[in-house]
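In this note's numbering, the protein residues as written are 254 to 689.
Positions of the beta carbon are idealized from the N, C-alpha and C atoms, including for glycine.
Written below as structure tokens is the structure these notes are about.
Okay, structure coming up:
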């Protein structure tokens, strides 16, 4: 008998009909002899609806009261799901953050889980109750309700799974797993049966929307196996043979040892696991002749101190004694662009070293990333990426590489062409794949 944590997102509980189907799925899991703790989001669109109500009163609602407001959505969904289970003759109990022992700290709207006291959850499990926990929220040291921000329900599910030492954390969403790339961009994208934590973290960081990187990071830290599944699949499907499993190491090479040598060689030559594309990027370029590097660092700290993440930073240093720089380029999220431009303008106006310097901004760029642990044993991935894009006549504006990831910035209009070309380049198309 296994202990599972199952997370259901907003689309999975978006209506009474969907909540009834989730209840049926949970019951099927119980009937298979497993114990279940469920973590639930607000119904689809509910958090936005509650935020809009606050904005009808003021453009700047109190951060504390906004968290009290938006976390009410989860209270509705956990109660409705519990009612659905109880009406079918099963013992279930809904629990808010404080009832489930979830302690959090940080800023309102973006808190982090500090600890979970599992005593009450474990007592309910001992009495064979299905525990339904509200995601996206915690209680701080002053007993304030505080929300966990983007990806908060996924993070709650992983944290609960780690705390109660669950056998697996199952993330039910509106897709049936993790794909080699976005199927909306590449029709022959294929579903992956297994992905490592490292790969999934990079994919999530670079734009894959299946999981938030906070939850993947937490799962990797506490070695919680994650499985991405569709809540729209048949209720009686075998969960442990479905979706995509995310774990410390994948078994695809071990399984391959039992196949013919031709297949083994082909699979072991796989360098790339997946490709992501993100349109939510903006590139800023400074021409900075004869500005000391320390001044550049001060300029960038204006952004990082406001939690604006800098990506793909590139600067060209001269070889003078002062180590001056000629140019600097970096990428930020488009949502941060208005704030970033305001901060940079204020800084450059106050610092005469930057007087007359030119700042170029482009919000019509996309970031394409290829990810795979196989890159560790295969040199030349970045060269292959740049060559293929050159053959497609796609200019690369910036490029960077890590041990398991290569990212490039290109004009947004080439995004779909680039993803399709690279998907083919690294033999990720379904017709190119090895059948295991």
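Residue closest to residue i, alpha-carbon to alpha-carbon, out of the options
i: residue 351; options: 611, 502, 371; result: 371
i: residue 630; options: 647, 658, 476, 612; result: 658
i: residue 431; options: 297, 563, 499; result: 499
i: residue 545; options: 557, 536, 581, 281; result: 581
i: residue 325; options: 382, 342, 303; result: 303
i: residue 421; options: 291, 662, 586, 375; result: 291
i: residue 328; options: 661, 275, 389; result: 389
i: residue 472; options: 529, 412, 494; result: 412
i: residue 335; options: 269, 367, 393; result: 269
i: residue 592; options: 569, 367, 559, 382; result: 559
Cβ distance (whole Å) where residue i is taken to contact residue j below 8 Å
i: residue 364; j: residue 391; result: 6 Å
i: residue 590; j: residue 555; result: Going by Cβ atoms, the distance from residue 590 to residue 555 rounds to 14 Å, so no, they are not a contact pair.
i: residue 527; j: residue 636; result: 20 Å between Cβ atoms; not a contact.
i: residue 338; j: residue 345; result: 4 Å
i: residue 399; j: residue 442; result: Not a contact, Cβ separation roughly 38 Å.
i: residue 634; j: residue 449; result: At roughly 17 Å, the Cβ-Cβ gap does not stay under 8 Å, so residue 634 and residue 449 are not in contact.
i: residue 497; j: residue 440; result: Residue 497 to residue 440, Cβ: 19 Å. No contact.
i: residue 534; j: residue 469; result: Wrong, their Cβ atoms sit about 21 Å apart, outside the cutoff.
i: residue 353; j: residue 386; result: 5 Å
Identified DSSP bridge partners for residue i
i: residue 646; result: Looking at the DSSP assignment, residue 646 forms no beta bridge with any residue, so it has no partner.
i: residue 582; result: 538, 567
i: residue 612; result: 539
i: residue 421; result: 257
i: residue 429; result: DSSP output for residue 429 lists no bridge partner at all.
i: residue 263; result: Per DSSP, none; premise fails for residue 263.
i: residue 658; result: 624
i: residue 617; result: None; residue 617 has no bridge partner.
i: residue 527; result: 624
i: residue 499; result: 448, 479
i: residue 652; result: 661
Below-9 Å beta-carbon distance, residue i vs any chain C residue
i: residue 603; result: Absent from the structure is chain C; it holds one protein chain and no more.
Check: residue i C-beta below 8 Å from any heavy atom of the ligand ATP
i: residue 404; result: No copy of the ligand ATP appears in this structure; indeed no ligand is present at all.
Legend entry - Any 3 or more C-beta pairs closer than 8 Å across the stretch 257 to 267 and the stretch 420 to 433: Cβ pair count under 8 Å is three or more, so yes.
Inset, instruction - Jot down the residue ranges of each uninterrupted beta strand (DSSP E) in the stretch 362 to 402, minimum 3 residues, whole runs only, in chain order. - result: Correct list: 363 to 369, 383 to 387, 390 to 392, 398 to 400.
Legend entry - Segments assigned alpha helix (DSSP H), at least 4 residues, entirely inside the stretch 289 to 376: Runs of alpha helix (DSSP H) with 4 or more residues, each lying fully within the stretch 289 to 376, are found at 299 to 308, 316 to 323, 325 to 340, listed in chain order.
Inset, instruction - Check whether the stretch 403 to 417 touches the stretch 459 to 478, counting contact only when three or more Cβ pairs, one atom from each stretch, lie closer than 8 Å. - result: In short, these stretches touch, since the Cβ pair count reaches three.
Inset, instruction - Decide if the stretch 316 to 328 is in contact with the stretch 282 to 291; the criterion is three or more beta carbon pairs, one per stretch, under 8 Å apart. - result: As far as the Cβ criterion goes, the stretch 316 to 328 does not touch the stretch 282 to 291, which means the pair count is below three.
Legend entry - Complete alpha helix (DSSP H) runs within the stretch 441 to 493 (minimum length 4 residues, chain order): Assignment of alpha helix (DSSP H) within the stretch 441 to 493, counting only whole runs of 4 or more residues, yields 450 to 458, 466 to 475 in chain order.
Inset, instruction - Evaluate the contact criterion for the stretch 448 to 460 versus the stretch 613 to 631: three or more CB pairs, one atom per stretch, below 8 Å. - result: Counting C-beta pairs with one atom in each stretch, the stretch 448 to 460 and the stretch 613 to 631 have three or more that are closer than 8 Å, which means they touch.
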